[in-house]
């Protein structure tokens with residue numbers, strides 16, 4: 603039994619979306635195939651090459667952790683595909699993919715009952731936000747579809763004006779919107795762009811989940827804790843809060 607090495611006073615939770623709130627493999631692997639089809643203008647061989655260039659095996663659907671398809675925003679994915687041979691301008695492909703991503707919210711698969719999860723966290727007094735490399739319209743459609751839009755204090759996409767991951771701007775925007783300081787915030791995500799965003803902003807806690815493209819190994823150095831999924835978050839915060847109060851509790855290892 604140990605005590606937490608540092609006081610943890612978390613008052614706000616900033617979630618990533620894809621791979622964190624949404625099951626990445628079930629929600630985004632089908633979309634990735636469609637991204638490549640659009641970018642390749644129905645050239646199957648080129649589509650396969652574009653997927654490989656941006657981080658996905660076209661045969662297995664496995665996405666490499668921290669690759670463009672795992673962690674990039676729309677403009678970065680478009681730039682990568684144009685660089686790999688897609689016959690588009692970066693700007694035009696970005697518009698086409700943003701439209702696809704907004705429509706894809708209708709087919710996303712959540713990790714858990716997101717309405718119940720967000721309602722429970724809000725009832726505990728947490729300020730809640732979503733910061734994603736997707737566009738803001740897609741985030742809002744996702745929140746509306748799964749019934750947690752009324753629980754959100756803040757939404758930021760790559761196009762919302764706060765900068766892009768792993769820059770700290772989205773966290774700073776969350777703090778400005780909620781009146782919190784970074785020490786009071788936990789960033790929850792599935793890849794190192796999320797973890798590095800949190801570290802760059804000086805947040806109190808970075809928590810990785812394994813419902814995206816990252817692994818315990820790939821996420822170990824930048825996360826304070828690694829959970830199976832977001833359903834384990836409340837219990838972790840309870841344990842850390844108990845430790846802060848001076849109670850002896852069994853804490854999970856760092857990035858465990």
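In the numbering used here, the protein residues as written are 603 to 858.
C-beta atoms are modelled at their ideal positions from N, C-alpha and C, and glycine is treated no differently.
These numbers were taken from a predicted model, which means no experiment stands behind them.
Using only CA atoms, which one of the options lies nearest to residue i?
i: residue 613; options: 788, 655, 667, 745; result: 788
i: residue 825; options: 756, 808, 773, 775; result: 808
i: residue 730; options: 643, 821, 777; result: 777
i: residue 759; options: 707, 822, 742, 837; result: 742
i: residue 677; options: 661, 663, 687, 694; result: 694
i: residue 833; options: 818, 779, 722; result: 722
i: residue 836; options: 779, 817, 720, 784; result: 720
i: residue 663; options: 642, 682, 675, 638; result: 638
i: residue 757; options: 749, 779, 748; result: 779
i: residue 798; options: 821, 781, 817, 813; result: 821
i: residue 622; options: 802, 801, 701, 733; result: 733
i: residue 711; options: 736, 630, 785, 697; result: 630
i: residue 772; options: 800, 829, 753, 754; result: 800
i: residue 688; options: 674, 744, 735, 643; result: 643
How long is the line joining the alpha carbons of residue i and residue j, rounded to whole angstroms?
i: residue 618; j: residue 646; result: 32 angstroms
i: residue 727; j: residue 794; result: 27 angstroms
i: residue 705; j: residue 844; result: 43 angstroms
i: residue 615; j: residue 790; result: 7 angstroms
i: residue 811; j: residue 686; result: 30 angstroms
i: residue 692; j: residue 655; result: 16 angstroms
i: residue 641; j: residue 818; result: 32 angstroms
i: residue 632; j: residue 703; result: 11 angstroms
i: residue 848; j: residue 841; result: Reliability fails at residue 848, whose pLDDT of 43 lies under 50, so the model's placement of it is uncertain and no value is given.
i: residue 602; j: residue 718; result: Nothing about residue 602 can be reported from this structure: the residues present for the chain run from 603 to 858 only.
i: residue 765; j: residue 716; result: 26 angstroms
i: residue 660; j: residue 750; result: 33 angstroms
i: residue 709; j: residue 620; result: 13 angstroms
i: residue 827; j: residue 724; result: 22 angstroms
If the criterion is Cβ atoms closer than 9 angstroms, does the pair residue i and residue j meet it?
i: residue 672; j: residue 815; result: yes
i: residue 635; j: residue 653; result: yes
i: residue 738; j: residue 762; result: yes
i: residue 804; j: residue 768; result: no
i: residue 735; j: residue 674; result: yes
i: residue 713; j: residue 831; result: yes
Checklist entry - In chain order, which continuous runs of the alpha helix (DSSP H) of length 4 or greater are located wholly inside the segment 666 to 693? => result The DSSP assignment places complete alpha helix (DSSP H) segments of no fewer than 4 residues inside the segment 666 to 693 at 670 to 673, 676 to 685, in order along the chain.
Next on the checklist: Does the structure place the segment 665 to 680 close enough to the segment 794 to 813 that three or more beta carbon pairs sit under 8 angstroms?
Outcome noted: yes
Checklist entry - Enumerated in chain order, which unbroken segments of the beta strand (DSSP E) with a length of 3 residues or greater are wholly contained in the segment 764 to 804? => result 787 to 791
Next on the checklist: My parser needs the beta strand (DSSP E) runs of 3 or more residues fully inside the segment 709 to 734; what are they?
Outcome noted: 729 to 733
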